[in-house]
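S.K.: Taken in sequence, the protein lines are chains A and B. Each residue of the first sequence is one higher than the one before, starting from 1 at the first, in our numbering. Each residue of the second sequence is one higher than the one before, starting from 1001 at the first, in our numbering. Even glycine gets a Cβ: it sits at the ideal position worked out from N, Cα and C. Source: prediction; values computed, not measured.
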Amino acid sequence: MRAVAGSLHGLVGLAPIAGLVLAWQVLLTAGWVPSALLPSPGAVLARTVASLGDPAFLGHLASTLYRLAAGFAIALAIVFALGLAGATSRIADAALRPVIRVLAPIPKIALYPALILSLGFDDAPKIILVAADALFPILLATYGGAGAVEQKLLWSARAAGTSRAGTILKVVLPATLPSILTGSRIALVVACIVVFLAEMITSTDGLGYLLVRSGRAFQTVDMFVPLLAISAVGLALDGALAAARRVLLRGFPEEE
Amino acid sequence: MSEALSAPLAGRGAPAVPHPGPPMIGMAGVTKTFKRRDGGTHLALDTIDLDVAPGEFVSILGPSGCGKSTLLYIVGGFVAPSGGKVTVSGDPVTGPGPDRGPVFQEFALFPWKTVLGNVAYGLREGGLSRRDAEARAGELIERVGLKGYERFYPQALSGGMKQRVAIARTLAYGPKILLMDEPFGALDAHTRIKLQNQLLELWERDRKTVLFVTHAVDEAVFLSDRVAVMSRQPGRIKEVVAIDLPRPRHRDELLLDRRYQRHVIDLERMIEDPPDLAS
Ligand SMILES: Nc1ncnc2c1ncn2[C@@H]1O[C@H](COP(=O)(O)OP(=O)(O)OP(=O)(O)O)[C@@H](O)[C@H]1O
Ligand SMILES: [Mg+2]
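1. Report the neighbours of Tyr1149/B on chain A: residues whose CB is nearer than 8 Å to its CB, in chain order.
2. Provide the residue(s) that pair with Glu1239/B in DSSP beta bridges, ordered along the chain.
3. Just the residues with CB closer than 5 Å to a heavy atom of ligand 1, in chain order, which are they?
4. Roughly how many angstroms separate the alpha carbons of Glu1201/B and Leu1071/B, rounded to a whole number?
5. Quick one: which residues of the stretch 144-164 of chain A get their C-beta closer than 7 Å to a C-beta of chain B? List them in chain order.
6. Compare the Cα-Cα distances from Gly1029/B to each of Arg1037/B, Pro1020/B, Asp1099/B, Ser1082/B and report the closest residue.
7. Out of Ala85/A, Val212/A, Val130/A, state which residue places its alpha-carbon closest to the alpha-carbon of Ala75/A.
8. Helix, strand or coil for Gly1029/B? Go by DSSP, reduced to three states.
9. Check whether the Cβ of Asp1038/B sits closer than 7 Å to any heavy atom of ligand 2, and report yes or no.
10. In the structure shown, what three-state DSSP assignment does Gly10/A receive?
11. Going along the chain, which residues of its own chain have a beta-carbon closer than 7 Å to the beta-carbon of Leu82/A, five neighbours each way excluded?
12. What residues from chain A crowd round Arg1100/B, counting only those whose CB sits closer than 7 Å?
13. Go ahead and pull the three-state DSSP assignment for Gly19/A.
14. Rounded to whole angstroms, what's the CA-CA distance from Ile78/A to Gly251/A? Just pull it up for me.
15. Quick one: Cα of Ser1002/B to Cα of Ile1243/B, how far?
16. I'd like to know if His9/A contacts chain B, where contact means its C-beta is closer than 8 Å to some C-beta of that chain.
17. Span of the beta strand (DSSP E) holding Pro105/A?
18. With H, G and I counted as helix, E and B as strand and the rest as coil, what does DSSP make of Ser1059/B?
19. Measuring alpha carbon to alpha carbon, tell me which residue in Pro226/A, Ser214/A, Lys170/A, Ser184/A is nearest Phe196/A.
20. Could you tell me the distance, in whole angstroms, from the CA atom of Val194/A to the CA atom of Asp133/A?
21. Any heavy atom of ligand 2 closer than 7 Å to the CB of Glu944/B?
22. Looking at the unbroken alpha helix (DSSP H) that takes in Phe1222/B, where does it start and where does it end?
23. Using 8 Å as the limit for Cβ to Cβ distance, is Phe252/A near chain B?
24. If you reduce the DSSP assignment to three classes, tell me which class Arg1247/B lands in.
25. Which residues in the same chain as Arg1207/B place their Cβ atom closer than 7 Å to its Cβ, once the five residues preceding and following it in sequence are excluded?
26. Between Glu1139/B and chain A, is the shortest Cβ-Cβ distance under 8 Å, so that the two count as touching?
27. Can you tell me the Cα-Cα spacing of Leu165/A and Val1119/B, whole angstroms?
28. How is Thr1094/B classed by DSSP in three states: helix, strand or coil?
29. If I measure Cβ to Cβ from Val1210/B and keep anything under 6 Å in the same chain, skipping five residues before and after, which residues do I get?
30. To the nearest angstrom, how far is it from the Cα of Ser35/A to the Cα of Ser51/A?
31. Could you list the residues in the stretch 173-205 of chain A with a C-beta less than 8 Å from some C-beta on chain B, going in chain order?
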């Protein structure tokens, strides 16, 4: 029953995507947009599939994935450290909250030139940028969740013999996990965007670099391949997070 | 009142007789003030004096907002009193501890743990191996009538089942005192009666000391050895009524029992009285 309803949901979700592709094709067929500027969806799809057999393309894909993963891991580690500090010490908590609020709205990409100057053109500035941009959505969601932990859960644990410090790992962390994962899903989208942008600005590899290189050569079909690829990467990673969520949060109500 | 108190106590489950040692729970001059938003203070509990003997079942009955929960939280060590003293077996309460097991109206089960994991939690914290803890938890789950639900998560259970898990989770670590805050308040009438019966059975078997908060008069009379009636603003104990009904108690017999009916009527009147008439 649930599986049927689920696949029905999936089909309904596909409809607007199909509509977009159709509109794209109509633009071309009707001649509103010259095909020299906008390639056909079929051509883009065919080129993308073909690229999957191209070691050079896979190398670019791997670079982007590596930066995403490394940046994300750093962001999560920082969230964990700051969360722990905030949960154990009132002073740390009071000191952290304002600075996080102040830093969160700053467009991290604006720091990119400075990062390049200090760290060079390699992976490091891109990874740090991804980490900086992924950090805040997760952090803000984590703070929200940790602040909303039901007091009686803490009391129940304390009465059962858990020390005050023990409740951080045994109650606050698991109770906050749904928020951490929700924040992570938002952060993932931001991370995909920013890694691509960084690669567009300065890079010698990665999906963003591919787009810029194709653009310079007026290879319009090739310009769309990295876009399709980053979309697929985001979709796949989001799927992985959703799967992690289902396993980790079996006891919690479902999100959507 | 004095008649009832001095009358011979019938049945196996007679209320605890005055005890030579220190009371299981001693509340002496307990007050609690809360800061109000406007900067003033709100006196939620005013000089509460109440002793509970070992093995006694005492209910706190009173209108909403009279401080019942606050008093229970103070005995639990979750909230510090503004004044006065709470002792357990003569020792001052300084924080929560496994000698006092709370059961909350909101169940407060760990949603990330299964029924088995919830019930085993306190046993694991007490140092038992996973295997021993789960074996013991399994027995308790069976005892509260939830065999077969060990692997379920709380969200998949009904309110009544959740509260039975919460009771099992608390019983698991062997507290000598149960602190129950309107444990059946969120349940439908049918489930509520079922759980009252089950609680009585459990209690008549191992005679823990119970401090039970409720605003349901019939529930208080049905379960308790004594009922402390509270009034509101400030929260005070207005009167303590001994319930001279034989044990084991059966609902169908009690409902026809004149003494039961009398108690219900008297207590209902006491609650309805405006607070200032009491003092
Ligand atoms: N943390 C708090 N801060 C401020 N005021 C509080 C706090 N907790 C309780 N109070 C106040 O203290 C009084 C007693 O509250 P309490 O929850 O103990 O009442 P209660 O008898 O349990 O009520 P109910 O039957 O509705 O559960 C209320 O007036 C309430 O507003
Ligand atoms: Mg209450």
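M.R.: Let me spell this out:
1. Within 8 Å Cβ-Cβ: nothing; Tyr1149/B doesn't reach chain A, min ~13 Å.
2. Val1229/B
3. Phe1034/B, Ala1044/B, Ser1064/B, Gly1065/B, Cys1066/B, Gly1067/B, Lys1068/B, Ser1069/B, Thr1070/B
4. Distance between the alpha carbons of Glu1201/B and Leu1071/B is about 26 Å.
5. Glu150, Lys152, Leu153, Trp155, Ser156, Arg158, Ala159, Ala160, Gly161, Thr162
6. Measuring C-alpha to C-alpha distances from Gly1029/B to each of Arg1037/B, Pro1020/B, Asp1099/B, Ser1082/B identifies Ser1082/B as the nearest.
7. Nearest C-alpha to Ala75/A: Val130/A.
8. strand
9. Ligand 2 never approaches Asp1038/B closely enough for any of its heavy atoms to be under 7 Å from the residue's Cβ.
10. helix
11. Leu96, Leu139
12. Ala159
13. helix
14. 27 Å
15. Because the pLDDT at Ser1002/B is just 41, under 50, the model does not fix this residue reliably, and the value given afterwards should be weighed accordingly. Near 12 Å, if we compare the C-alpha coordinates of Ile1243/B and Ser1002/B.
16. No Cβ of chain B is located within less than 8 Å of the beta carbon of His9/A.
17. Looking at the DSSP string, Pro105/A is not in any beta strand (DSSP E), and its letter there is neither H nor E.
18. strand
19. In this structure, Pro226/A is the residue among Pro226/A, Ser214/A, Lys170/A, Ser184/A with its C-alpha nearest to the C-alpha of Phe196/A.
20. The alpha-carbon atoms of Val194/A and Asp133/A are separated by roughly 7 Å.
21. In this structure chain B extends from 1001 to 1279, so residue 944/B is not present and cannot be described.
22. 1217-1223
23. With its beta carbon less than 8 Å from one in chain B, Phe252/A belongs to the interface.
24. strand
25. Once the five neighbours on either side are set aside, the close Cβ partners of Arg1207/B are Gly1055.
26. no
27. As written in the sequence, residue 165/A is Ala, which differs from the Leu given in the question. Cα to Cα, the separation comes out at about 21 Å.
28. Three-state result, Thr1094/B: coil.
29. Non-local C-beta neighbours of Val1210/B in its own chain, meaning closer than 6 Å and more than five positions away in sequence, comprise Phe1057, Leu1178, ordered along the chain.
30. 21 Å
31. Pro174, Ala175, Leu177
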